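Worksheet: one structure, shown below.
Chains as they are written, first to last, in my numbering: chain A, 1 to 144; chain B, 1001 to 1109.
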């Protein structure tokens, strides 16, 4: 199988694990997509370094785009690439993250170190967000 | 220095996420057993995928930009670390978002 085929299969299997097998249903949850929206730009950045420096090189036979050139950088965008990396890498990363988080939540649901959920309020990032919400004139989103 | 390229990227990811529990009140580091158990499936499955992909020449690594240590004669040590670091970073991110916003992740009662 090509990388393209395997990457698509990986996403389907990870989604099936989350939605049907473990029934963690992270793919239907706000918390997952918010976390993924934070992870994605950092994936593009770090993977861009690995692929832009040709630390990892791809064969055109396995991906939608062409091979990583023997010298110089691959396309930043276009030729099946985003931020130097083959688009397949986005599917690969997505499958890895969904698999991991589904298992993590499933273990919690099974009672493996489920508690404590979180550790008091007034943490630095919370205070920062609350200050920003106040100075923006809004009440901010209430904590559930 | 060039040989540390991949390792430096991994260090950046750890440095970028390790502090999230402190900043948000998320509890992750104290759940070490759950954390390690969560890494088993990703490490095994993605290492197998990686070995297959390297054998099929889907991808390869610049020997000058990774350490010389290879697992099973194929897999750079950094790739194995990647399959631990990325799951760890994604759990830290999920738990940080949950601690900040209070959204349900599915393991509440």
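Even glycine gets a Cβ: it sits at the ideal position worked out from N, Cα and C.
On a predicted model such as this, the values are computed, not experimentally measured, just so you know.
Query raised in the report: At a Cβ threshold of 8 Å, is residue 1012 of chain B touching chain A?
Result: yes
Report task. Compare the C-alpha of residue 1038 of chain B against each of B:1100, B:1008, B:1029, B:1087 and name the closest. Result -> B:1087
Report task. Please classify residue 1108 of chain B: is it buried, with 16 or more other beta-carbons within 10 angstroms of its beta-carbon, or exposed? Result -> exposed
Requested in this report: Indicate whether at least one CB of chain A lies closer than 8 Å to the CB of residue 1061 of chain B.
Outcome: yes
Query raised in the report: Is it buried or exposed for residue 1076 of chain B, if we count other Cβ within 10 angstroms and need 16 for buried?
Result: buried
Report task. Taking a Cβ distance cut-off of 7 Å, strictly less, list which residues of the region 1017 to 1034 of chain B are near chain A, in chain order. Result -> 1023, 1024, 1025, 1026, 1027, 1031, 1033, 1034
Query raised in the report: Apart from the five residues just before and just after residue 1103 of chain B, which ones in its own chain have a Cβ nearer than 8 Å to its Cβ?
Result: 1097
Query raised in the report: Rounded to a whole number of angstroms, what is the C-alpha to C-alpha distance between residue 97 of chain A and residue 70 of chain A?
Result: 31 Å
Query raised in the report: When you compare only the Cα positions, how much space is there between residue 1045 of chain B and residue 14 of chain A?
Result: 11 Å
Query - Cβ separation of residue 26 of chain A and residue 1041 of chain B, assumed to be a contact under 8 Å, to the nearest whole Å - result: Not confirmed; about 15 Å, so no contact.
Query - Beta-carbon separation (whole angstroms), residue 91 of chain A vs residue 82 of chain A, contact threshold 8 Å - result: With 8 Å as the limit, residue 91 of chain A and residue 82 of chain A do not qualify as a contact, their Cβ atoms being about 11 Å apart.
Query raised in the report: Which residues in the same chain as residue 68 of chain A place their Cβ atom closer than 7 Å to its Cβ, once the five residues preceding and following it in sequence are excluded?
Result: 54, 57, 58, 74
Query raised in the report: How many angstroms separate the CA atom of residue 145 of chain A from the CA atom of residue 120 of chain A?
Result: No answer is possible for residue 145 of chain A: the residues shown for chain A start at 1 and end at 144.
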